[in-house]
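Here is the structure we will look at.
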Amino acid sequence: MKTGLRSIRKNLNQIILCVLIVSGFFLLILIFEQKVSAAKETPESAIVSLKAHGKLKEAMALIDEYINSCSTNEAYSWGYNEKGGIFTLMGEYTKAIYAYQESLRYSKESSDNFIALKNIGSLQHSLGDYTDAMSYYDEAIARIGDNDPRRYWLTMHVAWSGFYLSEGDTMVLKLVYEETEPILQKIENHLNPFNKGKVYYLASRFAFQLGKHDDAIRLSEKYAKIENTDSARLSLAVNLLYLKKEAEANEVFRIVDLRDVDKVLLALWYWLKGDEKLARSNLEEYPDNVEREKAWRHIRNDEILPYDMWKEARRQKWFIELIGPLTTDYPNVATYRNNLGAAWNAKGKYDKAIEYYEKALKSGLNAFGEDHPDVATYRNNLGAAWKAKGEYDKAIEYYEKALKSDIKTFGKDHPKVATRWNNLGEAWRAKGEYNKAIEYYEKALKSDLKTFGENHPKIAAYRNNLGVAWSARGEYDKAIEYLEKALQSDLKTFGENHPNVAIYGNNLGTALHANGEYDKAIEYLEKALSVIQVRLGDDHPYTKKLKTNISLAKEEK
Numbered sequence: 000m001k002t003g004l005r006s007i008r009k010n011l012n013q014i015i016l017c018v019l020i021v022s023g024f025f026l027l028i029l030i031f032e033q034k035v036s037a038a039k040e041t042p043e044s045a046i047v048s049l050k051a052h053g054k055l056k057e058a059m060a061l062i063d064e065y066i067n068s069c070s071t072n073e074a075y076s077w078g079y080n081e082k083g084g085i086f087t088l089m090g091e092y093t094k095a096i097y098a099y100q101e102s103l104r105y106s107k108e109s110s111d112n113f114i115a116l117k118n119i120g121s122l123q124h125s126l127g128d129y130t131d132a133m134s135y136y137d138e139a140i141a142r143i144g145d146n147d148p149r150r151y152w153l154t155m156h157v158a159w160s161g162f163y164l165s166e167g168d169t170m171v172l173k174l175v176y177e178e179t180e181p182i183l184q185k186i187e188n189h190l191n192p193f194n195k196g197k198v199y200y201l202a203s204r205f206a207f208q209l210g211k212h213d214d215a216i217r218l219s220e221k222y223a224k225i226e227n228t229d230s231a232r233l234s235l236a237v238n239l240l241y242l243k244k245e246a247e248a249n250e251v252f253r254i255v256d257l258r259d260v261d262k263v264l265l266a267l268w269y270w271l272k273g274d275e276k277l278a279r280s281n282l283e284e285y286p287d288n289v290e291r292e293k294a295w296r297h298i299r300n301d302e303i304l305p306y307d308m309w310k311e312a313r314r315q316k317w318f319i320e321l322i323g324p325l326t327t328d329y330p331n332v333a334t335y336r337n338n339l340g341a342a343w344n345a346k347g348k349y350d351k352a353i354e355y356y357e358k359a360l361k362s363g364l365n366a367f368g369e370d371h372p373d374v375a376t377y378r379n380n381l382g383a384a385w386k387a388k389g390e391y392d393k394a395i396e397y398y399e400k401a402l403k404s405d406i407k408t409f410g411k412d413h414p415k416v417a418t419r420w421n422n423l424g425e426a427w428r429a430k431g432e433y434n435k436a437i438e439y440y441e442k443a444l445k446s447d448l449k450t451f452g453e454n455h456p457k458i459a460a461y462r463n464n465l466g467v468a469w470s471a472r473g474e475y476d477k478a479i480e481y482l483e484k485a486l487q488s489d490l491k492t493f494g495e496n497h498p499n500v501a502i503y504g505n506n507l508g509t510a511l512h513a514n515g516e517y518d519k520a521i522e523y524l525e526k527a528l529s530v531i532q533v534r535l536g537d538d539h540p541y542t543k544k545l546k547t548n549i550s551l552a553k554e555e556k
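Note that numbering that gives the first Met the number 0 has the sequence shown beginning at 0, numbered continuously upward.
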């Protein structure tokens with residue numbers, strides 16, 4: 000069996016271009032693996048129950064309490080994994096990534112950290128980022144033992160996702176189904192209570208698309224019996240109805256409580272029944288845009304399946320008006336990808352950030368064209384990531400495109416345009432081209448003075464940047480002039496104990512030191528240290544840097 004699994008993995012890599020994870024249809028019941036084994040009511044099971052019933056605010060409040068009371072790495076890891084799941088259901092994908100990464104951080108010594116890897120992979124799949132999803136799934140598979148049946152569970156996800164990517168190529172699906180169908184019960188026995196039955200659900204999807212309809216119904220019945228929810232029973236009824244087994248479908252449907260089922264499934268049931276009015280009303284009943292988008296993605300994902308239950312519905316004018324034009328990109332995909340880029344950027348993973356920013360840019364260009372504010376934002380963010388990597392020419396290229404676009408959209412005297420000029424100034428300064436940096440900083444300052452007036456934090460920031468650039472040029476009197484104005488402005492705005500005030504004070508002290516004004520330099524540096532030391536502690540690099548600056552000033556006095 001192990002040999003067969005390796006063979007399947009080899010075929011997957013060759014045939015589906017190294018892509019994986021849970022299917023779009025499977026996203027209908029987004030699975031987040033649990034690490035809890037007890038079936039009795041516990042804090043863990045209460046959290047999972049709230050999440051399963053869509054009570055996400057209550058679940059989030061409870062998970063925060065749980066994390067705050069944790070005393071072991073295992074508990075922290077489980078808590079952050081659950082928090083990631085809740086954020087994902089809320090559509091907060093950036094926060095979900097952070098939570099899953101925290102789960103990984105606490106589970107380093109545990110074989111169960113494959114769970115967070117799988118969940119990050121699921122998140123990538125929900126955005127259509129199959130290649131990235133594969134990297135997480137492969138790592139998840141590598142974290143569990145060769146004889147662990149859950150390897151087959153993960154491989155099923157790989158094959159199903161590859162089936163979507165290949166737009167219905169059943170070769171790998173067939174191989175994996177033949178390998179796993181005889182051992183489904185063994186796999187099921189190794190899944191925890193909160194995922195019982197899910198392996199039968201996924202296997203039923205395999206069988207359905209392979210044309211093994213009797214198998215599909217048998218497996219759907221098994222899933223509905225184990226899961227014992229109205230949505231699971233409705234899923235079985237829909238499958239029966241699609242296969243023209245109307246009497247059996249009606250029998251199952253009669254015992255479904257329609258108050259607690261997925262609206263997409265219910266809409267599909269009514270559509271297959273020929274009731275366009277009820278189908279449409281259920282697709283309109285989503286409580287918010289996040290839920291509507293999940294339905295949207297699910298319906299679109301099914302486009303590529305050989306057995307596509309929505310096929311006829313898509314030809315209707317009302318359906319297109321309600322769901323939108325048929326496209327693989329749903330409305331906020333660019334925003335989500337941009338947010339994921341921001342998450343990776345904040346963690347210092349600049350290559351990953353650039354990958355997502357580029358995907359956001361591509362989606363934005365497809366949706367909006369060249370001169371749209373969102374497209375400018377994605378280019379600006381790409382510039383920031385390339386700058387963080389030290390690739391200043393690349394950064395400048397993206398910043399200039401963002402600037403050009405925003406000038407067309409907003410005109411020269413707009414805060415967004417001023418920000419673009421400032422960012423270009425930062426890139427040129429990092430490159431050592433101080434005259435160019437000063438040119439752009441001055442444009443930013445001039446523009447935002449018209450917008451905000453003198454005493455605004457952005458004005459102080461631009462003056463600080465000008466001061467740093469003049470200081471780098473060796474023009475210390477000019478530098479001190481700008482830095483003093485920046486410091487005085489933020490003192491009025493924030494008071495003495497604000498980080499900005501400490502940073503500007505340090506910059507002013509450094510310029511005064513370079514200008515030979517040692518007593519004044521020491522005064523400003525010590526004030527800055529008193530703030531930074533309290534906020535960051537003695538061991539922080541910035542605290543150490545300030546102490547070094549003070550020592551140097553005192554030595555040279």
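By construction, the Cβ of each residue, glycine as well, lies at the ideal position given by its N, Cα and C atoms.
Predicted model only: the values in this text are computed from it and were never measured.
Check	Outcome
C-beta contact flag for residue 420 and residue 402 at 9 angstroms	yes
Cβ neighbour criterion (16 or more within 10 Å) applied to residue 238	buried
Proximity winner among 263, 347, 343, 381, relative to residue 361 (alpha-carbon distances)	381
Helix, strand or coil at residue 155 [DSSP, three-state]	helix
Environment of residue 141 [buried if 16+ CB atoms lie within 10 Å]	exposed
Limits of the alpha helix (DSSP H) - the one that residue 343 falls within	332-345
Simplified DSSP state of residue 77, which is helix, strand or coil	helix
Three-state class that DSSP yields for residue 35 in the structure shown	With a pLDDT of 37 at residue 35, under the threshold of 50, the modelled position of this residue cannot be trusted, and the question is left open.
Residue burial classification, residue 317 (beta-carbon count within 10 angstroms, cutoff 16)	exposed
For residue 143, the three-state DSSP class (helix, strand or coil)	coil
Three-state class that DSSP yields for residue 495 in the structure shown	coil
Complete runs of the alpha helix (DSSP H) confined to the region 48-97 [at least 4 residues]	55-67, 72-89
Whole-Å CB distance - residue 482 paired with residue 437, under 8 angstroms assumed	With a Cβ gap of about 14 angstroms, residue 482 and residue 437 do not count as contacting.
Own chain, CB closer than 7 angstroms to residue 519, minus 5 neighbours either side, in chain order	511
CA nearest to the CA of residue 377, picked from 366, 388, 393, 357	357
Beta-carbon separation (whole angstroms), residue 62 vs residue 85, contact threshold 8 angstroms	6 angstroms
Whether residue 429 touches residue 400 by CB criterion (9 angstroms)	no
Residues of its chain near residue 558, where Cβ-Cβ distance is below 6 angstroms and the 5 sequence neighbours each way are ignored	With the chain running from 0 to 556 in the structure shown, residue 558 is simply not present.
Cβ-based neighbour list, residue 227, same chain, cut-off 7 angstroms, excluding 5 preceding and 5 following	none
Nearest-angstrom Cβ-Cβ length linking residue 505 and residue 490, presumed shorter than 8 angstroms	With 8 angstroms as the limit, residue 505 and residue 490 do not qualify as a contact, their Cβ atoms being about 14 angstroms apart.
Range covered by the alpha helix (DSSP H) that runs through residue 554	540-555
Among 516, 68, 532, 534, nearest to residue 554 - alpha-carbon criterion	516
Terminal residues of the alpha helix (DSSP H) in which residue 308 lies	First-last for residue 308: undefined, no H or E at that position.
9 angstroms Cβ cutoff, residue 531 in contact with chain B	Looking for chain B here will not work: only one protein chain is present.
First through last residue of the alpha helix (DSSP H) which encompasses residue 123	113-125
Cutoff 6 angstroms; reference residue 185; Cβ partners in own chain excluding five residues on either side	148
contact_flag[the region 404-420, the region 438-458] where n(CB pairs < 8 angstroms) is 3 or more	yes
Contacting residues, own chain, Cβ-Cβ under 7 angstroms from residue 264 (five flanking each side not counted)	230, 233, 234, 237
Where residue 374 falls, given that 16 or more other Cβ within 10 Å makes a residue buried	buried
Residue of 388, 528, 168, 59 minimising C-alpha distance to residue 497	528
Cβ pair residue 196, residue 176 closer than 9 angstroms	no
With 16 other Cβ atoms within 10 Å as the buried cut-off, status of residue 56	exposed
DSSP three-state assignment for residue 196, whether helix, strand or coil	coil
Cβ shell of residue 540 (< 6 angstroms), same chain only, five flanking positions each side left out	none
Rounded C-alpha distance that separates residue 411 from residue 82	43 angstroms
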